[in-house]
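**Q** Counting with the working numbering, you get residues 510 to 699 for the letters of the first sequence. Once you've had a glance at the structure underneath, I'll fire off some questions.
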Amino acid sequence: MQKNIIPRKFYSRPTLKVVQELLGCFLVRKYRGKIWRAMITETEAYIGEKDLACHASRGRTPRTEVMYGQPGHAYIYMIYGMYHCLNIVTEKKDFPAAVLIRGIKFFSPLPEGRCRIATERRELNGPGKLCTFLKIDRKLNRWDLAKGEKLWLEHRDPKIKLPKIQKSKRIGIDYAQHCREYLWRFTLKL
DNA sequence: TATACGATCACCT
DNA sequence: GGTGATCGTATAC
């Protein structure tokens, strides 16, 4: 059980590798004695200060400091005043990069949410909804995901073959000039 | 201190 | 296709 937890060295690699290898892995949330486990089906990469879509493109600030820290930690921020987004810090210390978790699919029950369709289809598309369902908010910002407590990730079964990974442009970053053309969004079609 | 805006979502036409 | 909700953060003053 414990050995299935994804260790820090997994995240301490090029983000474009990590962002694709996380597809099919499991996001696990332990909350008030319950454990929810969901497969990651959609991710996006945000890499370095030169990526104009990355929050670190304006350098170190109190908010982006966690992206410059050790890999394998959670970077969670509030967006539009009402939603949270979950990111996994990647690369080596002092290089700011992260993977945004945009979509999950669950095979066992998740807590009741306001979105009935999401519950019926057993999938959550969108970083905001995903955090709402899994009770993820800024209290878990900077959380160490390699500890295997409260919030962590687990390897997928390597024996199960995954469908081809789709690449596309990232969402909601029209302001990022040429960087918006990068095919840094990765989707698993199940 | 003030202001502009965003790695979203649900609901509208 | 478009818009409003709502607030932390960055930047300007």
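Cβ coordinates follow ideal geometry from the N, Cα and C atoms, glycine included. Being a predicted model, the structure only gives us computed values, none of them experimental.
Could you name the residues of the same chain whose beta carbon sits closer than 6 angstroms to that of R546, not counting the 5 residues immediately before and after it, in chain order?
**A** Within the first sequence, numbered from 1, the residue matching residue 546 stands at position 37. The answer, listed in chain order, is F535, V537.
**Q** Give the list of continuous beta strand (DSSP E) stretches no shorter than 3 residues that lie fully inside the segment 620-693.
**A** 632-634, 660-663, 674-677
**Q** Taking Cβ positions, are G533 and L660 nearer each other than 8 angstroms?
**A** Here residue 533 corresponds to residue number 24 of the first sequence, with the count starting at 1. Here residue 660 corresponds to residue number 151 of the first sequence, with the count starting at 1. No, the Cβ-Cβ distance between G533 and L660 is not below 8 angstroms.
**Q** For A562, which three-state DSSP category applies?
**A** Along the first sequence, read from residue 1 onward, the residue named residue 562 stands at position 53. Here A562 sits in coil by DSSP.
**Q** Keeping to the same chain, check which residues put their C-beta closer than 7 angstroms to that of E663; ignore five residues upstream and five downstream.
**A** Translated into the one-based positions of the first sequence, residue 663 becomes position 154. Cβ-Cβ distances below 7 angstroms link E663 to N513, I514, I515, C534, F535, V537 in the same chain, with the five nearest sequence neighbours on each side left out; the list follows chain order.
**Q** From the DSSP output, in three-state form, read off M591 for me.
**A** Numbered from 1 along the first sequence, position 82 holds the residue referred to as residue 591. Residue state, collapsed to three classes: coil.
**Q** Compare the C-alpha of K673 against each of A562, T524, D603, L699 and name the closest.
**A** One-based indexing of the first sequence puts residue 673 at position 164. The option with the nearest alpha carbon to K673 is L699.
**Q** Please state the DSSP three-state secondary structure of T599.
**A** In the first sequence, counting from the first residue as 1, residue 599 sits at position 90. It is coil, neither helix nor strand.
**Q** Going by DSSP, name the residue or residues bridged to L532.
**A** In the first sequence, counting from the first residue as 1, residue 532 sits at position 23. For L532, which the question treats as bridged, DSSP gives no partner whatsoever.
**Q** Determine the DSSP secondary structure at K518, reduced to helix, strand or coil.
**A** Stepping through the first sequence from its first residue, residue 518 is reached at position 9. K518: helix per DSSP, three-state reduction.
**Q** F695 bridges to which residues according to DSSP?
**A** In the first sequence, counting from the first residue as 1, residue 695 sits at position 186. Partner(s): T552, K676.
**Q** Could you give the residue range of the beta strand (DSSP E) that holds R611?
**A** On the first sequence, position 102 is the one that residue 611 refers to. For R611, the uninterrupted beta strand (DSSP E) run begins and ends at 606-615, by DSSP.
**Q** By DSSP, does R567 sit in helix, in strand, or in coil?
**A** If you number the first sequence from 1, residue 567 lands on position 58. Looking at R567 - three-state DSSP - the assignment turns out to be helix.
**Q** Report the option in E574, F616, Y592 whose CA atom is closest to the CA atom of F604.
**A** Here residue 604 refers to the residue found at position 95 of the first sequence. Nearest of E574, F616, Y592 to F604, Cα basis: E574.
**Q** According to the neighbour-count rule (16 or more other Cβ atoms, all chains shown, within 10 Å of its Cβ), is E658 buried or exposed?
**A** Here the question's residue 658 lines up with position 149 in the first sequence. Exposed.
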